[in-house]
Amino acid sequence: MKKFRLALIHAIAIAALSAIIPGCSREDNQDYGLPPGSAILRISDSDDVPTLDPAAGYDTQSWEFEQMFFSTLLKYGDADVELHPDIATSWEQSQDATVYTFHLRTDARFSNGRVVEADDFRYEIERVLTPATRSKGIEYYKGIVGASEFTAHAAAHVSGIETPDPATIIFHLTKPDPLFAHKMAMPFASAVPREVVEKWGEDFSAHVIGSGPFMLKEWIPGQRIVAVKSPLYFVKGEPRLYAIVDLLGVNQELAWLKFQSGQIDAGGIPPAEFPYVMKNPELRKLALKQTTVTTHYMGMNCQMPPFDDVRVRRAFNYAIDKNKLIAILNGRGIAARGVLPPNLPGYNPDLKGYEYDPARARQLLEEAHLRHDFTPQLWLRADETLMLLCESIQQDLDLVGVHVKLKPLAWGPLLEAIRQPHNVELFMNGWEADFPDPENFLSVLLSRKQWGANNDAFYENPKVEALLAQAAPVTDMKLRFELYDEAEKIVVQDAPWVFLDYPVTYTLVQPWVHDYVLNPMRPTRYEKVWVEPHK
Amino acid sequence: MKRYARVMEVVGLAMVASLVVVAIFARQLAPHDPTRAVAQTFGDPAPPSWEFPMGTDALGRDVLSRVIYGAQISLTVGVAAMLVTMTIGVLFGLASGFFGGKVDFILMRITDVMLTLPGLLLAMAFVSVLGPSLVVLLFVIGLVSWTGIARVVRAEALSVSQRDFVTAARALGAPSHRLIARHVLPNVMPLIIVMAALGTSGTLLLDASLSFLGLGVPPPTPSWGRMIEEATIYFRVAPWLATFPGLAIFYAVMGFNLLGYGAIARRRQT
Chain A
1 MKKFRLALIH AIAIAALSAI IPGCSREDNQ DYGLPPGSAI LRISDSDDVP
51 TLDPAAGYDT QSWEFEQMFF STLLKYGDAD VELHPDIATS WEQSQDATVY
101 TFHLRTDARF SNGRVVEADD FRYEIERVLT PATRSKGIEY YKGIVGASEF
151 TAHAAAHVSG IETPDPATII FHLTKPDPLF AHKMAMPFAS AVPREVVEKW
201 GEDFSAHVIG SGPFMLKEWI PGQRIVAVKS PLYFVKGEPR LYAIVDLLGV
251 NQELAWLKFQ SGQIDAGGIP PAEFPYVMKN PELRKLALKQ TTVTTHYMGM
301 NCQMPPFDDV RVRRAFNYAI DKNKLIAILN GRGIAARGVL PPNLPGYNPD
351 LKGYEYDPAR ARQLLEEAHL RHDFTPQLWL RADETLMLLC ESIQQDLDLV
401 GVHVKLKPLA WGPLLEAIRQ PHNVELFMNG WEADFPDPEN FLSVLLSRKQ
451 WGANNDAFYE NPKVEALLAQ AAPVTDMKLR FELYDEAEKI VVQDAPWVFL
501 DYPVTYTLVQ PWVHDYVLNP MRPTRYEKVW VEPHK
Chain B
1001 MKRYARVMEV VGLAMVASLV VVAIFARQLA PHDPTRAVAQ TFGDPAPPSW
1051 EFPMGTDALG RDVLSRVIYG AQISLTVGVA AMLVTMTIGV LFGLASGFFG
1101 GKVDFILMRI TDVMLTLPGL LLAMAFVSVL GPSLVVLLFV IGLVSWTGIA
1151 RVVRAEALSV SQRDFVTAAR ALGAPSHRLI ARHVLPNVMP LIIVMAALGT
1201 SGTLLLDASL SFLGLGVPPP TPSWGRMIEE ATIYFRVAPW LATFPGLAIF
1251 YAVMGFNLLG YGAIARRRQT
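The listed protein sequences derive, respectively, from chains A and B. Per the numbering used here, residue 1 is the first one in the first sequence, and the count goes up by one each step. Per the numbering used here, residue 1001 is the first one in the second sequence, and the count goes up by one each step.
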C-alpha cells in the first residue's frame, strides 16, 4: 500500500513538474553537455557509486563502471563466463599452474594518450597489495611470489611479477593456482596509469583515467555520472554508444516510472511490480533474463541436533516443494538439484537431487525418531518475497509434521548469527560466484576450514575434504571437474543444505536498445550496446 | 437525535456480535484450512469465484477462510489489549481524580510523557526487542494506548468525587478504597464501557498496523494486517488480496466505533 502511494505521489509530482516547467519534461542531451542527437544510454541507480577506483571497488555497481573505464588482461564474454582476451592477446600457463605469461597488445592507450604497458598492470597489482590502499582484493594476489615480502614493506617490488618487455608480463606463484587467470579478469587487476594515480592520490576515484571503452566526463555525487566514448579505445568500432548517463539517487519505484515513460533505457523490476510485468505482454517482451551463477539454499546446522542426523536433513530436502517456490517467484529461478548452478563450468546436468516426496520425508523423520514438539526456527533476511517463500516452506514442513517458526531479521545481524557455532539451526542463504569454478562453491562453502566463516552449515566430511584438497591444484579441467563432481555428489548425499533454487534475474530494456546482454556473473558490458534514434 | 444514537448503538452491537460469532465458530464457518494450500495458484493469485468467494492467494490459500480466522486474532488482540489498556488507564485515572494534589500531578505528568511518544513507534520498538508473539503484542498495544483513557477517567472521577454523596460517605468515615470502589467507580463505569468500545477499535487498528509492518502475530496464523502486507506485491495483479482483509478491518473498527459513539450520544441525551 505504502509503496503504491509513493509511486502515485511520484507520478503526480512528475506530471505536475513537466506541465509547469517547459523543457523539463524531456531530459535533453544538452542538459548533460552532450551533442544533440548523439546516441546515449540512460540508466539509473538508487545510490551513488561507492568508488570508481579499481583497487577499491568490490561491489556490482562499482564494477559496472570500472568495466567501462578500465581494461584488464582478460575479460569474460558478454553472456558467458569464459575468459576472453582484453589487453592480453594470448596467455600461457605452465604445466603445474605456477607460472602465467600474458602477451599484451601494443595499440592499447589510456584516454590521456599514453600507451598501456606491462608495468601498468604490475603497478596496479602492487597497489592492491599495498596495505595502505586497503583493497578488498588483496587476498586474491597474495599467492604471487614475493607478495608477502612486498606487503610487509621488505621489498620495493613483488619479485614474482616480471615484465621483460612492455608487451609481456609474467607471474610466478608460490603454489599451483589453476584459477589465477580468472583473477586477472577482476577489476582489481586493471591497468591504471601511475602518473595519474600519483597526481590525485586518494582522489583518483573522482578523476579516473583508464584504457577502457569509455572515459569519465562528469561525476556529480548524488546526481549523475556521465561517461563518453573514448576515441582511443583499441577495439575498432567500439563503443557504439556516444555516452552513458547514469542518474543517481533514483529509487526503484521512481526508476520504474522513468522506464515506463521512456526516460531511462534499462532498469530492474521492483518486486512489487514483477507479477504485473509478467502478465503484461507489452512489458514482458522487453524483459531480458539470465540465470546467475548463484545458488540459494536453506542451511541446516549439521552440529545441532536433530540436524546432526543425515536422515532429518534428507527428510527436509524431500519435504520442500521447490517447484512451488519457483512458481511463487513467477519463474525467477530454476529448481536446484545440488550445490553448483548451471552456467558454472563443471556443473553436472545429470546430478540426481531430491524430488518432492513428502511421504519419503515423513518416513525418514519417523526413522530418526524426531520429537513431535520439535519446532525449529528458520532465520531469514527480512524481505517480502523471502517471507512468502519461507511461508511456503513452513506449509510444506507442516505437512510432514515439523512446525517451523520464522525469524526475519536484517541482513547484517543474520550473517553474524549464522557464523556462530551452535547458534542457528535453520537459515536461508545464498552464494554468488566470484570465479566460474566449482572450487568457489565447494571449498568456500563446505570445507571444514571455513567453519566460522562461509561454511555456515558447519558441515564436515573427510572424504569431501580430501577430494577438495586433491582437486584444487589440478589444471586438467576434465579431471578437475570430475573430482569436484564426486565431492558434490557426496555433499548432496549428506544434505547439509536444502538445495532450493538457482535465481534468474530480469532486466527491462527499451525496444530501441540493441545488443544489451546480461552476464551470469558480472555487470553488463556496454561497449557493444547501441541505440536507435527514438523519441 | 436520540433515535439515531439508539440505531448507531444497535447496529454497532450487531456488527460486533457478528464478528464474535465468526471468531468463535471460525472452524465451522471457514470452508478450508487457512494455513494450507487448497488451490494450485502459486505465485498467481486467483480472483474470486464460486469455489473461493474471495479468491486464493499466492500460496494457494483460501482468502475467505483466512479472513474468517483472522477475526479470531484481531478480536483476541483487540479485546485483550483493550483490557490491558483499560486496567492501566482506569487505575491511573481514578487515583489521579480521586486523590488529586501530588498524586494527580505525578500520575498526570507520567501520562503526559507517554502522550508525547508516538504509540506506533513505541509499540514497534517494544515488539522488535521482545520478539513478536501474541502475548507480547497485546501487552505492548495495551501499554502504549492507555493515556487517553486515563485522562478521561480522571476528569470524570474528579467531578464525581466532588459530589455530595461522596462527601457524605467520607463524613461517615468510609476509607478511600471503599469510596473509590463503591461510590466513584460505579459512577464512572458507564463512561469506561463506552471508552472500552472505542478503545477496541484503536487497538484493532494498531494490531493491523503492526502486522502490516511484519511485527504482528507470526505466520502461519492468519491476521488481517499481515494479509494486506503480503498482498502489496500483488496489488496490481490481484487487488482482492488486499481488499477483503481491508474490508474486514473496516467492518470491525466501524462496529466498535458505532457502538461506542452511539453509547456516548445516548448518554448525553439522558
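Beta carbons: idealized from backbone N, C-alpha and C, even for Gly.
List the whole-angstrom C-beta distance separating residue i from residue j, where the pair is believed to meet the contact cut-off of C-beta under 8 Å.
| i | j | result |
| --- | --- | --- |
| B:F1244 | B:V1067 | 5 Å |
| A:F150 | A:E124 | Between A:E124 and A:F150 the Cβ distance is about 13 Å, and since that is not below 8 Å, they are no contact. |
| A:Y356 | A:D321 | 5 Å |
| A:Y276 | B:R1266 | Rounded, the Cβ-Cβ distance is 49 Å, inconsistent with contact. |
| A:T294 | A:Y502 | 6 Å |
| A:I209 | A:N112 | 5 Å |
| A:H508 | A:A266 | It is Leu, not His, that sits at residue 508 of chain A in the sequence shown. Right, their Cβ atoms sit about 7 Å apart. |
| A:L397 | A:I328 | Not confirmed; about 15 Å, so no contact. |
| A:L241 | A:I40 | 7 Å |
| B:M1008 | B:Y1261 | 6 Å |
| A:A167 | A:T106 | 5 Å |
Below 8 Å on C-beta distance, what does residue i contact in chain B?
| i | result |
| --- | --- |
| A:L406 | P1218 and P1219 |
| A:K537 | It is not possible to answer for residue 537 of chain A, since the shown part of chain A is limited to 1 through 535. |
So with CB distances below 7 Å, who are the chain A contacts of residue i?
| i | result |
| --- | --- |
| B:I1073 | Chain A residues near B:I1073: none, gap ~16 Å exceeds 7 Å. |
| B:F1042 | K324, A327 and I328 |
| B:R1036 | Q395 |
Opposite residue i in the DSSP bridges: which residues?
| i | result |
| --- | --- |
| A:I220 | A:R224 |
| A:H172 | A:V99 |
| A:E432 | A:T294 |
| A:R42 | A:V245 |
| A:R109 | A:V115 |
| A:H84 | A:K75 |
| A:L426 | A:M300 and A:L378 |
| A:E92 | A:T101 |
| A:K229 | A:F214 |
| A:P408 | A:L380 |
| B:P1132 | B:P1132 is not bridged to any residue. |
| A:T564 | Any answer about residue 564 of chain A is impossible in this case: the structure gives chain A only from 1 up to 535. |
| A:I161 | A:F171 |
| B:G1262 | Paired residue(s): none; B:G1262 is not in a bridge. |
| B:L1059 | B:F1042 |
Against residue i, what residues of chain A qualify as contacts under a CB-to-CB distance less than 9 Å, listed in chain order?
| i | result |
| --- | --- |
| B:G1214 | A382, E384, M387 and P408 |
| B:Y1234 | A272, P275 and Y276 |
| B:E1230 | E384, M387, L388 and E391 |
Check the Cβ of residue i against every Cβ in chain A and list those closer than 8 Å, keeping chain order.
| i | result |
| --- | --- |
| B:L1059 | I328, L388, E391, S392 and Q395 |
| B:R1027 | In chain order: nothing, as chain A lies at least about 17 Å away. |
Cβ of residue i versus every heavy atom of the ligand NAD: is any distance shorter than 8 Å?
| i | result |
| --- | --- |
| A:E460 | This structure does not include the ligand NAD; it has no bound ligands of any sort. |
**Message:** Which residues of the stretch 335 to 363 of chain A have a Cβ closer than 9 Å to any Cβ of chain B? Give them in chain order.
**Reply:** none
Near-chain A residues of the stretch 1092 to 1104 of chain B (beta-carbon distance less than 8 Å), N- to C-terminal order | none
Any 3 or more C-beta pairs closer than 8 Å across the stretch 52 to 68 of chain A and the stretch 126 to 140 of chain A: yes
The stretch 368 to 385 of chain A contacting the stretch 1002 to 1013 of chain B, beta-carbon criterion three pairs below 8 Å
no
### Task
Specify whether the stretch 464 to 473 of chain A and the stretch 331 to 339 of chain A touch according to this definition: at least 3 beta carbon pairs, one from each stretch, less than 8 Å apart.
no
Taking 8 Å as the threshold, find out whether the stretch 395 to 409 of chain A comes into contact with the stretch 436 to 455 of chain A through three or more Cβ pairs. no
Segment contact flag, the stretch 1086 to 1100 of chain B with the stretch 1156 to 1167 of chain B, C-beta cutoff 8 Å, min 3 pairs
yes
Checklist entry - Are the stretch 215 to 235 of chain A and the stretch 35 to 55 of chain A touching, with three or more C-beta to C-beta distances below 8 Å? => result yes
Practice item. Taking only beta carbons into account, state which residues of the stretch 1148 to 1177 of chain B come closer than 9 Å to chain A, listed in chain order. Key: none
Taking 8 Å as the cut-off, does the stretch 69 to 80 of chain A touch the stretch 170 to 180 of chain A (at least 3 CB pairs, one atom from each stretch)? no
Are the stretch 1111 to 1128 of chain B and the stretch 1056 to 1064 of chain B touching, with three or more C-beta to C-beta distances below 8 Å?
no
* Segment contact flag, the stretch 1027 to 1043 of chain B with the stretch 1205 to 1213 of chain B, C-beta cutoff 8 Å, min 3 pairs -> no
Q) With a cut-off of 8 Å, do at least 3 Cβ pairs link the stretch 1077 to 1090 of chain B to the stretch 1136 to 1154 of chain B? A) yes
Count Cβ pairs between the stretch 491 to 502 of chain A and the stretch 183 to 192 of chain A that sit closer than 8 Å; are there 3 or more?
no
Worksheet entry | At least three beta-carbon pairs within less than 8 Å, the stretch 1215 to 1234 of chain B to the stretch 1170 to 1186 of chain B | no
query = So does the stretch 99 to 118 of chain A actually touch the stretch 185 to 199 of chain A, counting three or more Cβ pairs closer than 8 Å?
reply = yes
message: Does the contact criterion of 3 or more C-beta pairs under 8 Å hold for the stretch 373 to 380 of chain A versus the stretch 413 to 433 of chain A?
response: yes
_Tell me whether the stretch 1069 to 1076 of chain B and the stretch 1015 to 1034 of chain B touch, counting them as touching only if at least three CB pairs, one residue from each stretch, are closer than 8 Å._
yes
Can you find at least 3 beta carbon pairs, one from the stretch 1099 to 1115 of chain B and one from the stretch 1043 to 1056 of chain B, that sit closer than 8 Å? no
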